[in-house]
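For reference, the structure is listed below as structure tokens.
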Amino acid sequence: MATLMIECPVCAEVLELTEEDRADLPVGEVIVCDSCHSEMEVTRNDGGEDFELELLGAMTTCPNCDEEFEVTPELLQAAPMTRAQDGVEVALMTCPHCRAKFELELADEAV
Ligand SMILES: [Zn+2]
Ligand SMILES: [Zn+2]
5 MATLMIECPV CAEVLELTEE DRADLPVGEV IVCDSCHSEM EVTRNDGGED FELELLGAMT
65 TCPNCDEEFE VTPELLQAAP MTRAQDGVEV ALMTCPHCRA KFELELADEA V
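Note that the working numbering numbers the sequence shown so that position 69 is 73, with each residue one more than the last.
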């Protein structure tokens, strides 16, 4: 019985997936990190240790053009942080469709 240790790409929490766990995870299935609640989609599961996950970013909708897009960790890292009028920390996102800038309030899990 091989157990795979997969490191969460967001918080580095190690997820242990036994062979049984993986048997229940067809490609396209989404698993959630226990620690930071990031969602990861199974992109490969061919048995044994042939198993891969891809991080799913949060989806957000541009207030300017109404296009939905994915907020990836790379996008967030590139986004300057600023504080909104009420003191909430927000990321200044750029819409990949219309290039409009808008403030995105982050989940308040990070203390
Ligand atoms: Zn995590
Ligand atoms: Zn837009």
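The C-beta atom is built at its ideal place from N, Cα and C for all residues, glycine as well.
* Enumerate in chain order the residues of its own chain whose CB-to-CB distance from VAL75 is below 6 angstroms, with the five nearest sequence positions on each side excluded. => GLY61, ALA62, THR64
* **Neighbour-count burial assignment, ARG26, 16 or more Cβ in a 10 Å radius** => buried
* Kindly list the residues whose CB is nearer than 6 angstroms to the CB of GLU33, restricted to its own chain and excluding five residues on each side of it in sequence; keep chain order. => VAL46
* **Segment contact, 8 angstroms Cβ cut-off, at least three pairs: the region 93 to 107 with the region 64 to 73** => yes
* What number of angstroms, rounded off, separates the C-alpha of THR31 from the C-alpha of ASN49? -> Looking at the sequence itself, residue 31 is Val, so the reference to Thr does not match. Answer to the nearest angstrom: the Cα atoms are 6 angstroms apart.
* To the nearest angstrom, report how far apart GLU78 and MET44 are at their CA atoms. => 15 angstroms
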